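Visitor:
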């Protein structure tokens, strides 16, 4: 930068001196200029050999391009060229030349330019016959407006019909795929012409109504989704019974469910089920209550323990109590609540009491002495864990009595709290 300033200063000094007509002082001024030049490492020879390009850029507002021998044409244009004759740009690419000064270019002159770049720059109308090396697809993207689909022999009906050519003969579109053609421009397709198309695609494009008998290669599931409203379940040979019911079955005859589980069959078509058929179902409700009742009077005393039979049954849900034997048999495993009550009236000669048994073993005893009074009652209850088949009953001990009448003073009851 400093050298350039010095050069410019020297040139201006020389010009001023020449313009004024005053010569330099032969001793002092000339010596001063030479010293200044030598201090900067210059000599007059170097100044003459400086890059003419830089000199022109600084002090020459107008430069003829013919003098730019060593300067690249690109740098010359950037620095000072306003108007360039393209004939002098021998080493410039034809593309750059056209971009600078050729507003109109005939595509026939673009020998080394790709047809694609030529169209991007200046082509408004293209004769498709000149597009020898261009793919038919690119040609259509540029200029296709209307295409006759009948002439598309091997081409995709899609790209041919709908792309963009004002008027192009589609006979040149030989290598286009039929798939792309349909995607771009198919509005109405005659399914008879779709020989190589799958029956599924043909129906999806142009068959609003389909007879299920024609769907030979289609799976049974797809025809129902497309157009089948009513299906004969006899034709569903390969369909699972579950899918058949989900699609069209409203009423099912449980006799036809040969491979179905009994539970599913009942859930579909058996609104009423007898509890006797629920062998493997969860436990139901169990409750019973019975009393000695009439005839009124004492039962006992006897010489041995005696099982009491409560013949007046008040409740027997689940039929677990036997009014003939007086025994309750647990139908399910679970926790049961069992209770009994005994009473006596107008008697103080005999003891009052009962004993509860389970499977032949005494569980608990409850009673009073005869001398405790004329009217006496005892009652108790217990929660028991029972398994299926356990038996419960009460016995009247030897030399004990109980009393009953229409008021049911002596009774035996129980119910299932929860199954296990």
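Numbering (mature numbering (1 follows the signal peptide of the UniProt record, and there is no 0)), first residue to last: -19 to -1, 1 to 401. Glycine included, C-beta positions come from ideal geometry on N, C-alpha and C. Note that the structure is predicted; figures quoted are calculated from it, not measured.
(1) Could you check which residue in 297, 307, 265, 300 has the C-alpha nearest to that of residue 273?
(2) If contact is defined by three or more beta carbon pairs under 8 angstroms, each pair taking one atom from either stretch, is the stretch 370 to 385 in contact with the stretch 338 to 347?
(3) Nearest-angstrom Cα distance between residue 411 and residue 343?
(4) Between the C-alpha atoms of residue 333 and residue 282, what's the straight-line distance to the nearest angstrom?
(5) Pick from 381, 12, 394, 9: whose alpha carbon is nearest that of residue 328?
(6) Determine the extent of the beta strand (DSSP E) in which residue 349 is found, giving its start and end residues.
(7) Just checking residue 369 against the ligand NAP - is the residue's beta carbon closer than 6 angstroms to any of the ligand's heavy atoms?
(8) Given a threshold of 16 other Cβ atoms within 10 Å of its Cβ, counted over all protein chains shown, does residue 9 qualify as buried or as exposed?
(9) In the DSSP assignment, the beta strand (DSSP E) including residue 310 goes from what residue to what residue?
(10) Helix, strand or coil for residue 385? Go by DSSP, reduced to three states.
(11) Going straight from the alpha carbon of residue 363 to that of residue 293, what length do you get?
(12) Check each candidate in 12, 330, 318, 396 and name the one with the smallest Cα separation from residue 265.
(13) Once the 5 residues before and after residue 370 are set aside, which same chain residues still bring their CB inside 8 angstroms of it?
(14) Hey, how far is the Cα of residue 323 from the Cα of residue 299?
(15) On a Cα-Cα basis, can you pick out the residue from 385, 13, 269 that is closest to residue 320?
(16) Measuring alpha carbon to alpha carbon, tell me which of 367, 398, 365, 356 ends up nearest residue 390.
(17) Where does residue 301 land, buried or exposed, given buried means 16+ other C-beta within 10 angstroms?
(18) Would you tell me roughly how many angstroms separate the C-alpha atoms of residue 398 and residue 317, rounded to the nearest one?
(19) By the 10 Å Cβ neighbour count, where 16 or more other Cβ atoms means buried, how is residue 379 classified, buried or exposed?
(20) For residue 360 and residue 271, which I take to be in contact (beta-carbon distance under 8 angstroms), what is that distance rounded to the nearest angstrom?
(21) Within the same chain, show all residues whose beta-carbon is closer than 6 angstroms to that of residue 64, passing over the 5 residues directly before and after it, in chain order.
(22) For residue 260, I'd like the list of residues in its chain whose CB is within less than 8 angstroms of its CB, leaving aside the five on either flank, ordered along the chain.
(23) For the beta strand (DSSP E) that contains residue 269, what are its first and last residues?
(24) Within 10 Å of its beta-carbon, does residue 368 have 16 or more other beta-carbons around it, so buried, or fewer, so exposed?
(25) Under 7 angstroms between the Cβ atoms of residue 295 and residue 387?
(26) Using the Cβ count rule (16 or more neighbours within 10 Å means buried), how would you classify residue 305?
(27) Using the three-state DSSP reduction, which class does residue 283 fall into: helix, strand or coil?
(28) Quick one: what's got a C-beta closer than 8 angstroms to residue 405's C-beta in the same chain, skipping five residues either side?
(29) Just to confirm before moving on: does the CB-CB distance between residue 297 and residue 384 stay below 7 angstroms?
(30) Does the beta-carbon of residue 330 have 16 or more other beta-carbons within 10 angstroms, so that it is buried, or is it exposed?
(31) Do you know how far the Cα of residue 267 is from the Cα of residue 365?
(32) Buried or exposed: residue 345, going by 16 or more other Cβ atoms within 10 Å of its Cβ?
(33) List the endpoints of the continuous beta strand (DSSP E) containing residue 323.
Guide: Inspection of the coordinates gives the following:
(1) Your numbering for residue 273 matches position 292 in the chain shown. Nearest of 297, 307, 265, 300 to residue 273, Cα basis: 307.
(2) yes
(3) Outside the modelled stretch of the chain, which goes from -19 to 401, sits residue 411, for which no answer is possible.
(4) The count along the chain shown starts at 1 and reaches residue 333 at position 352. The count along the chain shown starts at 1 and reaches residue 282 at position 301. Taking the straight line joining both Cα atoms gives about 10 angstroms.
(5) Here residue 328 corresponds to residue number 347 of the chain shown, with the count starting at 1. Checked all of 381, 12, 394, 9; the closest Cα to residue 328 is 381.
(6) Working through the chain shown from its first residue, we reach residue 349 at position 368. Taken as a continuous stretch (DSSP letters only), the beta strand (DSSP E) holding residue 349 covers 342 to 349.
(7) The ligand NAP is not part of this structure, which contains no ligands at all.
(8) Against the chain shown, residue 9 aligns to sequence position 28. Label assigned to residue 9: exposed.
(9) On the chain shown, position 329 is the one that residue 310 refers to. Looking at the DSSP string, the run of the beta strand (DSSP E) that includes residue 310 is 308 to 310.
(10) Mapped onto the chain shown, residue 385 falls at position 404. Reduced to three states, the DSSP call for residue 385 is strand.
(11) Taking the first residue of the chain shown as position 1, residue 363 is located at position 382. Taking the first residue of the chain shown as position 1, residue 293 is located at position 312. Going from the Cα of residue 363 to the Cα of residue 293 covers about 22 angstroms.
(12) As a working note, residue 265 is residue 284 in the chain shown. Checking every option, the nearest Cα to that of residue 265 belongs to 396.
(13) The residue you call residue 370 lines up with position 389 of the chain shown. Counting only Cβ-Cβ distances below 8 angstroms, and skipping sequence neighbours, we find 310, 311.
(14) The residue you call residue 323 lines up with position 342 of the chain shown. The residue you call residue 299 lines up with position 318 of the chain shown. Roughly 25 angstroms separates the two Cα atoms.
(15) The sequence position of residue 320 within the chain shown is 339, counting from 1. Cα-wise, what sits closest to residue 320 is 269.
(16) The sequence position of residue 390 within the chain shown is 409, counting from 1. If we check each option's Cα against that of residue 390, 356 comes out closest.
(17) In the chain shown, the residue the question calls residue 301 occupies position 320. Result: buried.
(18) The count along the chain shown starts at 1 and reaches residue 398 at position 417. The count along the chain shown starts at 1 and reaches residue 317 at position 336. Their backbone Cα atoms lie some 5 angstroms apart in a straight line.
(19) Residue 379 sits at position 398 when you count from the first residue of the chain shown. Burial call: exposed.
(20) What you label residue 360 is simply residue 379 of the chain shown in a count that begins at 1. What you label residue 271 is simply residue 290 of the chain shown in a count that begins at 1. So it is not a contact: roughly 15 angstroms between Cβ atoms.
(21) Sequence index remark: in the chain shown, residue 64 carries index 83 (1-based). Bear in mind that a pLDDT of 42 at residue 64, under 50, signals an unreliable position, so the number given afterwards is only what the model happens to contain. Excluding positions up to five away in sequence, the list is empty.
(22) Locating residue 260 in the chain shown gives position 279, counting from the first residue. Here residue 260 scores only 46 on pLDDT, less than 50, and its place in the model should not be relied on; the value that follows carries that caveat. Once the five neighbours on either side are set aside, residue 260 has no close Cβ partner at all.
(23) As a first step, residue 269 must be located in the chain shown, where it is residue number 288. First-last of the beta strand (DSSP E) with residue 269: 268 to 272.
(24) Indexing the chain shown from 1 puts residue 368 at position 387. Flag for residue 368 reads exposed.
(25) As a first step, residue 295 must be located in the chain shown, where it is residue number 314. As a first step, residue 387 must be located in the chain shown, where it is residue number 406. Contact flag unset, no.
(26) Sequence index remark: in the chain shown, residue 305 carries index 324 (1-based). So residue 305 counts as exposed.
(27) On the chain shown, position 302 is the one that residue 283 refers to. Coil.
(28) Past the boundaries of the shown model lies residue 405; the chain is included only from -19 to 401, so the question cannot be answered.
(29) Working through the chain shown from its first residue, we reach residue 297 at position 316. Working through the chain shown from its first residue, we reach residue 384 at position 403. No, Cβ-Cβ distance for residue 297 and residue 384 is not below 7 angstroms.
(30) As a first step, residue 330 must be located in the chain shown, where it is residue number 349. Residue 330 comes out exposed.
(31) Translated into positions along the chain shown, residue 365 becomes position 384. Translated into positions along the chain shown, residue 267 becomes position 286. Computed Cα separation, rounded: 14 angstroms.
(32) Taking the first residue of the chain shown as position 1, residue 345 is located at position 364. By the 10 Å Cβ count, residue 345 comes out exposed.
(33) As a first step, residue 323 is located in the chain shown; it is residue number 342 there, counting from the start. Start and end: 315 to 325.
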